[in-house]
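S.K.: Right, I'll just put the structure down here and ask away after.
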Amino acid sequence: MNRETPAASFIPERIANLEDYVPVETDVKVKLDANENPYPMPEPLRAQLAELARSLDFARYPDPYARELIGKFAEVYGVRPERVVAGCGSDEVLHLLCQTLLCEGAEVVTALPDFSMYAFYAYLEGGRQVTAKRGADGQIDFGELKRIASSGDCRCVMFSNPCNPTGAVAPRDAVLEFVRSVSCPVIVDEAYGEFCTSDFSVLDMAGSLPNLIVLKTLSKAFGLAGLRVGFAVACEDIVRAVKRVKSPYNLNSFSQAAGVAALGRADEVFAQAKVIGETTKAMYSALAGLAELGGYEPVEPGANFVLLKFGDGSRAQSLHAELLRRGISVRLMPGALRITCGTREENRLLLQEFEDILKDGIKA
Numbered sequence: 000m001n002r003e004t005p006a007a008s009f010i011p012e013r014i015a016n017l018e019d020y021v022p023v024e025t026d027v028k029v030k031l032d033a034n035e036n037p038y039p040m041p042e043p044l045r046a047q048l049a050e051l052a053r054s055l056d057f058a059r060y061p062d063p064y065a066r067e068l069i070g071k072f073a074e075v076y077g078v079r080p081e082r083v084v085a086g087c088g089s090d091e092v093l094h095l096l097c098q099t100l101l102c103e104g105a106e107v108v109t110a111l112p113d114f115s116m117y118a119f120y121a122y123l124e125g126g127r128q129v130t131a132k133r134g135a136d137g138q139i140d141f142g143e144l145k146r147i148a149s150s151g152d153c154r155c156v157m158f159s160n161p162c163n164p165t166g167a168v169a170p171r172d173a174v175l176e177f178v179r180s181v182s183c184p185v186i187v188d189e190a191y192g193e194f195c196t197s198d199f200s201v202l203d204m205a206g207s208l209p210n211l212i213v214l215k216t217l218s219k220a221f222g223l224a225g226l227r228v229g230f231a232v233a234c235e236d237i238v239r240a241v242k243r244v245k246s247p248y249n250l251n252s253f254s255q256a257a258g259v260a261a262l263g264r265a266d267e268v269f270a271q272a273k274v275i276g277e278t279t280k281a282m283y284s285a286l287a288g289l290a291e292l293g294g295y296e297p298v299e300p301g302a303n304f305v306l307l308k309f310g311d312g313s314r315a316q317s318l319h320a321e322l323l324r325r326g327i328s329v330r331l332m333p334g335a336l337r338i339t340c341g342t343r344e345e346n347r348l349l350l351q352e353f354e355d356i357l358k359d360g361i362k363a
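By numbering that gives the first Met the number 0, the letter at position 6 of the sequence shown is numbered 5, and the numbering carries on one by one without gaps.
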């Protein structure tokens, strides 16, 4: 930013130093870069949302506490509604938690690689990220995480499970043992949990353990990424504090009503998510078969995407660029590609083009 202009001088340095968010290319025939549900919304649900759009009174403010939505979420996931707060996606809920829990100079411990927004929202609230490294298999070393969290001024630990971007899944018992071993809040982001077939979730313990907070979203398995509906489940004291921090009408009427409608079809969503999880494993197996030719190591997935780790980062960049040239968008990360599971036809096209590129030779 040019800080010599009058307007630029108004911006605090910590904001001026932020990098611009650059959205991923979307004008492609196969979009496998954002970990979205690839299947279209069921027609009965689409019709229900159309009727809601006609019947809702948009001249009135929405319910500030999203009570019907939270009640339906609590019913579906078996938690107490007074332990739930809703927001515009789990992103907003995460930001609200950072505003509630952090202060200037507070340390936030994460396990890299992980979701970049943990560090971003902590930074906005004056927090400082302290990191532990995940293992080669993407797993968290909870002993190391505990050591770091128990030293210094750690105010919060954050990690995703299943992990975005590695897809690694930490076992439930290991997560709970860690939560019980530290005195600070632990935020466990279970955004991709519906795709996972292993025993991992600690959602039922959020609220019972006073320092455990679990994030959930309707953006992934439920396919409502465009409507931004997310939740945090925590003890009542934390939920009450977050409600004091949030804006009064943070979640619009249509998103609240759409969330209730989508949660009403939870059984269908969960069944479809398991199919997507199995399809992801099949895609992983196919990509693993090309690993030697491609010069990468695939990480076994526990969600709806596969991470390919390259020893040569330029090779990942070249492969990403060539896939994009052929109309296929995947997520480029430092030394890696993250590939979302699409429909069976999208996966077939990806694997066909992927193999063709590798056999033709990548120009790194």
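Cβ coordinates follow ideal geometry from the N, Cα and C atoms, glycine included. Here the structure is a predicted model, which is why all the values come from computation and not from measurement.
1. For the alpha helix (DSSP H) containing I14, name the first residue and the last one.
2. With G225 as the anchor, note down where its alpha helix (DSSP H) starts and where it stops.
3. Alpha carbon to alpha carbon, how far is S254 from L226? Give it in angstroms, no decimals.
4. Report yes if the C-beta distance between R337 and P164 is below 8 Å; otherwise report no.
5. Taking A220 as the reference, give the member of A85, G341 and A52 with the closest Cα.
6. With L348 and G293 assumed to form a contact (beta carbons below 8 Å), what rounded beta-carbon distance in angstroms separates them?
7. Which residues in the same chain as A363 place their Cβ atom closer than 7 Å to its Cβ, once the five residues preceding and following it in sequence are excluded?
8. Can you list, in chain order, the residues of its chain whose CB lies under 6 Å from that of N346, leaving out five sequence neighbours each side?
9. Under DSSP, the alpha helix (DSSP H) around E267 begins and ends at which residues?
10. Can we count P37 as close to the ligand FAD, meaning its CB is less than 7 Å from some heavy atom?
11. Taking 8 Å as the CB-CB cut-off, is K308 touching chain D?
12. Report the three-state DSSP secondary structure of L68 (helix, strand or coil).
13. Using the DSSP secondary-structure output, state which residues sit across from P297 in a beta bridge.
14. DSSP three-state label for S252, please.
15. Once you ignore the five residues that flank Q98 on each side, which residues in its own chain have a CB closer than 7 Å to its CB?
16. Going along the chain, which residues of its own chain have a beta-carbon closer than 7 Å to the beta-carbon of F114, five neighbours each way excluded?
17. May I have the straight-line CA-CA distance separating A118 from R59, to the nearest angstrom?
18. Got a sec, what are the start and stop residues for the beta strand (DSSP E) I361 sits in?
19. May I ask which residues mark the beginning and end of the beta strand (DSSP E) holding S313?
20. What span of residues does the beta strand (DSSP E) with D188 cover, start to end?
21. Since L217 is in the alpha helix (DSSP H), which residue starts that stretch and which ends it?
22. Using beta-carbon positions only, say whether V268 and E193 come within less than 8 Å of one another.
23. Taking the C-alpha atoms as reference points, what is the distance between T109 and R53?
24. What residue does the alpha helix (DSSP H) around G334 start on, and which one ends it?
25. For the putative contact between L250 and P80, defined by C-beta atoms under 8 Å, what is the C-beta separation to the nearest angstrom?
26. Where does the unbroken alpha helix (DSSP H) through Q47 begin, and where does it stop?
M.R.: On the basis of the supplied data:
1. E12 to A15
2. Where G225 is concerned, there is no enclosing alpha helix (DSSP H), given that its DSSP letter is neither H nor E.
3. 6 Å
4. yes
5. G341
6. Contact flag wrong, Cβ pair sits at about 17 Å.
7. Any reading at A363 must be qualified, since the residue scores a pLDDT of 46, below 50, and its modelled position is unreliable; the value itself is stated next. Closer than 7 Å at the Cβ level, and outside the excluded window around A363, lie D311, S313, R314 and S317.
8. Excluding residues within five positions, the ones whose Cβ falls inside 6 Å are M282.
9. A265 to A287
10. The model on display carries no ligand, and the ligand FAD is accordingly not part of it.
11. Here chain D cannot be found, since the structure has a single protein chain.
12. helix
13. L307
14. In the structure shown, S252 sits in a helix (DSSP, three-state: H, G or I).
15. So the list reads E124 and V244, once near-sequence residues are dropped.
16. S159, N163 and D188
17. Roughly 36 Å between the two C-alpha positions.
18. Taken as a continuous stretch (DSSP letters only), I361 belongs to no beta strand (DSSP E), as it is neither H nor E.
19. First-last for S313: G312 to R324, but that is the alpha helix (DSSP H), not the beta strand (DSSP E).
20. V185 to D188
21. Run containing L217: none; DSSP gives neither H nor E here.
22. A contact, by the Cβ cut-off of 8 Å.
23. 44 Å
24. Element bounds for G334: n/a, residue is neither H nor E.
25. Not really, about 15 Å apart at Cβ, beyond 8 Å.
26. E42 to S54
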